[in-house]
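S.K.:
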Amino acid sequence: MPQDTGDCSVDTQSVLFGQVTEYIVTHPGRSQYSQTGGGVSACGLAALNCARIVLGLQSAGLDPAHLVQELMKRKFLEGILQPCLSWSSPSHLAVDEIYKVPIFQKCLQMVSSDYGQAGLPYFERLVSNIAGYTKSHSASTCVIITRPPEIIACFCLADVPSELFVIFDSHPRPEKHPQGAAFIFKNSIRSTAEYLSELLRYDERLLSDSTVQWQAQLLAHCSGDIFVARANGPTSSQWAEIALDASLEVLKLRARVRSLETDNESLESDKRQLNDEISKLDDKVLELDDELVRLKAKHERLRSSKHHNAGSSTHSFTSTRSQVAQTPLGTPSTRTEVSASNAPSNRRAAQVQPMSHASNYHASDAFAMELQRAFDAENRQLKQQMKRLRETQPAFFDCELDDAAVQQLGLNEKQYEIFNEMQMARFSTIIHCRKCLNTIFVDKGEYQEVQEIVCPLPGCGYAWCKLCSQAIEIGGPKHSCDGTSELNHLMRQRGWKHCPGEHLAFLDVDNSRTRP
Numbered sequence: 015m016p017q018d019t020g021d022c023s024v025d026t027q028s029v030l031f032g033q034v035t036e037y038i039v040t041h042p043g044r045s046q047y048s049q050t051g052g053g054v055s056a057c058g059l060a061a062l063n064c065a066r067i068v069l070g071l072q073s074a075g076l077d078p079a080h081l082v083q084e085l086m087k088r089k090f091l092e093g094i095l096q097p098c099l100s101w102s103s104p105s106h107l108a109v110d111e112i113y114k115v116p117i118f119q120k121c122l123q124m125v126s127s128d129y130g131q132a133g134l135p136y137f138e139r140l141v142s143n144i145a146g147y148t149k150s151h152s153a154s155t156c157v158i159i160t161r162p163p164e165i166i167a168c169f170c171l172a173d174v175p176s177e178l179f180v181i182f183d184s185h186p187r188p189e190k191h192p193q194g195a196a197f198i199f200k201n202s203i204r205s206t207a208e209y210l211s212e213l214l215r216y217d218e219r220l221l222s223d224s225t226v227q228w229q230a231q232l233l234a235h236c237s238g239d240i241f242v243a244r245a246n247g248p249t250s251s252q253w254a255e256i257a258l259d260a261s262l263e264v265l266k267l268r269a270r271v272r273s274l275e276t277d278n279e280s281l282e283s284d285k286r287q288l289n290d291e292i293s294k295l296d297d298k299v300l301e302l303d304d305e306l307v308r309l310k311a312k313h314e315r316l317r318s319s320k321h322h323n324a325g326s327s328t329h330s331f332t333s334t335r336s337q338v339a340q341t342p343l344g345t346p347s348t349r350t351e352v353s354a355s356n357a358p359s360n361r362r363a364a365q366v367q368p369m370s371h372a373s374n375y376h377a378s379d380a381f382a383m384e385l386q387r388a389f390d391a392e393n394r395q396l397k398q399q400m401k402r403l404r405e406t407q408p409a410f411f412d413c414e415l416d417d418a419a420v421q422q423l424g425l426n427e428k429q430y431e432i433f434n435e436m437q438m439a440r441f442s443t444i445i446h447c448r449k450c451l452n453t454i455f456v457d458k459g460e461y462q463e464v465q466e467i468v469c470p471l472p473g474c475g476y477a478w479c480k481l482c483s484q485a486i487e488i489g490g491p492k493h494s495c496d497g498t499s500e501l502n503h504l505m506r507q508r509g510w511k512h513c514p515g516e517h518l519a520f521l522d523v524d525n526s527r528t529r530p
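Letter 304 of the sequence shown, counting from 1, is numbered 318 in the numbering used here, and no numbers are missing.
(1) What residue range does the alpha helix (DSSP H) around Ala196 cover?
(2) Helix, strand or coil: how does DSSP classify Ser353 here?
(3) Roughly how many angstroms lie between the CA atoms of Glu305 and Arg286, to the nearest whole one?
(4) Would you give the residue range spanned by the beta strand (DSSP E) that Gln131 belongs to?
(5) Is Thr160 helix, strand or coil by DSSP?
(6) Helix, strand or coil for Arg187, going by three-state DSSP, please let me know.
(7) Hey, would you say Thr155 sits closer than 8 Å to Ile67, going by beta carbons?
(8) Cα separation between Arg387 and Asp290?
(9) Output the distance between the C-alpha atoms of Ala447 and Ala195, rounded to the nearest integer angstrom.
(10) Looking at the unbroken beta strand (DSSP E) that takes in Glu36, where does it start and where does it end?
(11) At which residues does the beta strand (DSSP E) containing Glu466 begin and terminate?
(12) My understanding is that Leu59 touches Pro97, with C-beta atoms under 8 Å, so please give their C-beta distance in whole angstroms.
(13) Below 8 Å, can you find three or more Cβ-Cβ pairs linking the segment 116-131 to the segment 187-194?
(14) Is Ala167 closer than 8 Å to Cys64 when the C-beta atoms are compared?
(15) Hey, would you say Gln193 sits closer than 8 Å to Gly43, going by beta carbons?
(16) Is it the case that the segment 266-280 contacts the segment 145-161, given that we only count it when at least three CB pairs across the two stretches are under 8 Å?
(17) Expressed to the nearest angstrom, what Euclidean distance is found between the alpha-carbon atoms of Leu91 and Ala61?
(18) Take the Cβ of Leu258 as the centre, count every other Cβ of all protein chains shown within 10 Å, and call the residue buried at 16 or more, exposed below.
(19) Grouping DSSP H, G and I as helix and E and B as strand, with all else coil, what is Ile488?
(20) In the DSSP output, which residue or residues are listed as bridge partners for Gly238?
(21) According to the Cβ coordinates, are Ala153 and Val39 closer than 8 Å?
(22) If the criterion is Cβ atoms closer than 8 Å, does the pair Pro163 and His106 meet it?
(23) Determine the direct distance from the alpha carbon of Lys428 to that of Ile445, and round the result to whole angstroms.
(24) Within 10 Å of its beta-carbon, does Ala478 have 16 or more other beta-carbons around it, so buried, or fewer, so exposed?
(25) Determine the direct distance from the alpha carbon of Ile486 to that of Glu466, and round the result to whole angstroms.
(26) In this structure, does DSSP put Trp253 in helix, strand or coil?
(27) Give me, in chain order, the residues of the same chain whose beta-carbon lies closer than 7 Å to that of Ile256; leave out the 5 immediate sequence neighbours on both sides.
(28) Give the range of the alpha helix (DSSP H) segment to which Phe433 is assigned.
(29) How big is the Cα-Cα spacing for Gln123 and Gly489?
(30) Nearest-angstrom Cα distance between His493 and Tyr476?
(31) Can you check which of these residues, Val34, Leu95, Gly133, Leu30, is closest to Gly473 by C-alpha distance?
(32) Could you pull the start and end residues of the alpha helix (DSSP H) that Cys64 belongs to?
(33) Residues in its own chain within less than 6 Å of Leu214 by CB, not counting five upstream and five downstream?
(34) Check whether the Cβ atoms of Pro175 and Phe31 lie closer than 8 Å to each other.
(35) With a cut-off of 8 Å on the beta carbons, I'd call Leu288 and Leu403 a contact; round off their distance for me.
(36) I believe Gln456 touches Ser442 by the beta-carbon criterion, under 8 Å. Please report the beta-carbon distance rounded to the nearest angstrom.
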């Protein structure tokens, strides 16, 4: 497989005449992941910009030989990746969203779109479509291929002696071009489709496994958007119009940002006011809790005083009876004195004092119950207010530190990757595949729901248990961390049985039982 690092030493005639099946031009250190290439999600922007430049040069009259020479230059690749320097967002933009930008709408024209399942038949159909369009219109054609999360471009060049296809891949590939982005030249529809099929292959078990989330199954589908250069390239006045449209779009976005900032300031003010109200309500709840404790203590004191008074009355009555019993029965004067002097006072004590104590007890109980009812009503009201405050208060707040501010800090590539990981940590989590040795961001909610993890990268398909990290065979027996499910499946396959006494597995061989 011939490979060039971009010094144009190869004979371009051999490429034009299809004398080499595959020829790769790559430039070390130049890709969408490098500091001079852009962000991790800039592949769509790089592919559309490559289509704009290549188709524009061909439409301007540059002959195929010189066009191939330009594609092999390092400076040409840097020009393609130049717009990606301003795009450092981790969000992936779709092709139709990027195409809405004025510069692409003025330079490119979308011919058609094709959708299908990633595989050799689909890519053969896609490459044949652009080859047929190029042949019938005598104009170079480009198809932007999207297989989430990757986007690449494939060209069919016109006015060449034989079929010539060029694939632009802004991602470094370990097997083909590990050091940077590359242009891959192909000399036939079949070889181009085979390369695309191998590059964007997927694990077919994703479609048959019901445990895999539908987002992972989307990796098996592709879309191809076919573009050609517009009949007349942009003139100076049209470029001025493009700049004006872009400026107006920037003004719209700035106005939108200002509106959002104003809304955010209003929400911040409301938030501070609600926090003040919550603080006041918390203080009031604490005061009511202290009042409740005080009332309970007072109620306990009244209850203990009631029991004490009741015990004293019983003791007094018992003492009086004992005194009367100790007096000699034969002494009339004593009996007369006791009955004459003590009877009226005892009757008054029995009538007046218990009534006074009972009325005090009833009044205290009624007062305590009234305070308790007031406390319960106020507590319910405070809970309702707290609920309303939680509903009106936003759950998340945007960080004021945006990408523009981060880019001004002069972070190196490693620090910027750490910042992106921190930005994505709220919505995703990182998993590391022990087979392909790659680290991938996956949706945090889906990761918490599933028990078995499947590597979503194409060509891997490695599965493992989230709890025990053991490898899982897709389509095999149901996994269990202690191995019981796998053992039972193996016993059913081999005809093993359990030993009745020790619950160990054994085999039936010639009517004898042998432990495995």
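From the three backbone atoms N, C-alpha and C, an ideal C-beta is built for every residue, glycine too.
M.R.: By the coordinates alone:
(1) Going by DSSP, Ala196 is part of no alpha helix (DSSP H) but of the beta strand (DSSP E) stretching over 196-200.
(2) For Ser353, the pLDDT reaches just 43, beneath the cut-off of 50, and the residue's location in the model is therefore unreliable, leaving the point undetermined.
(3) Cα to Cα, the separation comes out at about 29 Å.
(4) Following the DSSP letters along the chain, one finds Gln131 inside the beta strand (DSSP E) bounded by residues 122-131.
(5) Three-state result, Thr160: strand.
(6) Residue state, collapsed to three classes: strand.
(7) Taking the C-beta atoms as reference points, Ile67 is found no nearer than 8 Å to Thr155.
(8) For Arg387 and Asp290, the distance between alpha carbons rounds to 27 Å.
(9) Residue identity check: residue 447 is Cys in the sequence provided, not Ala. Distance between the alpha carbons of Cys447 and Ala195: 24 Å.
(10) Start and end: 36-40.
(11) Here the beta strand (DSSP E) through Glu466 covers 466-468.
(12) Right, the Cβ-Cβ distance comes to about 6 Å (below 8 Å), so this counts as a contact.
(13) Because the criterion of three Cβ pairs below 8 Å is not met, the segment 116-131 and the segment 187-194 do not touch.
(14) When the beta-carbon positions are compared, Cys64 and Ala167 come within less than 8 Å of each other.
(15) Cβ atoms of Gln193 and Gly43: closer than 8 Å.
(16) Here the segment 145-161 makes no contact with the segment 266-280; the two share fewer than three CB pairs at distances below 8 Å.
(17) When rounded, the distance between both Cα atoms is 11 Å.
(18) Under a 10 Å Cβ-count criterion, Leu258 is classified as exposed, with fewer than 16 other Cβ atoms of the shown protein chains found around its own Cβ.
(19) Coil at Ile488, not helix or strand.
(20) In the DSSP secondary-structure assignment, Gly238 is bridged to Asp128, Ile159.
(21) Their beta carbons are not under 8 Å apart, which means Ala153 does not touch Val39 by this criterion.
(22) In contact: Pro163 and His106 (Cβ atoms closer than 8 Å).
(23) Approximately 18 Å, taken between the alpha carbons.
(24) Per the sequence shown, the amino acid found at residue 478 is Trp instead of Ala. Result: buried.
(25) Going by the C-alpha atoms only, they are around 8 Å apart.
(26) DSSP places Trp253 in helix when its eight states are reduced to three.
(27) Take Ile256, set aside five residues on each side of it, and the residues of its chain with a beta-carbon closer than 7 Å to its own are Pro116, Ile117, Lys120, Pro248, in chain order.
(28) Start and end: 427-438.
(29) Across the structure, Gln123 and Gly489 are spaced so that their CA atoms are roughly 46 Å apart.
(30) Approximately 14 Å, taken between the alpha carbons.
(31) Checked all of Val34, Leu95, Gly133, Leu30; the closest Cα to Gly473 is Gly133.
(32) Boundaries of the alpha helix (DSSP H) harbouring Cys64: 57-73, taken from the DSSP string.
(33) Cβ-Cβ distances below 6 Å link Leu214 to Ala132, Arg161 in the same chain, with the five nearest sequence neighbours on each side left out; the list follows chain order.
(34) With contacts defined as CB atoms closer than 8 Å, Pro175 and Phe31 qualify as a contacting pair.
(35) In this structure Leu288 touches Leu403 by the C-beta definition: roughly 5 Å separates them, less than 8 Å.
(36) Here residue 456 is Val; the residue named in the question, Gln, does not match the sequence. Going by Cβ atoms, the distance from Val456 to Ser442 rounds to 6 Å, so yes, they are a contact pair.
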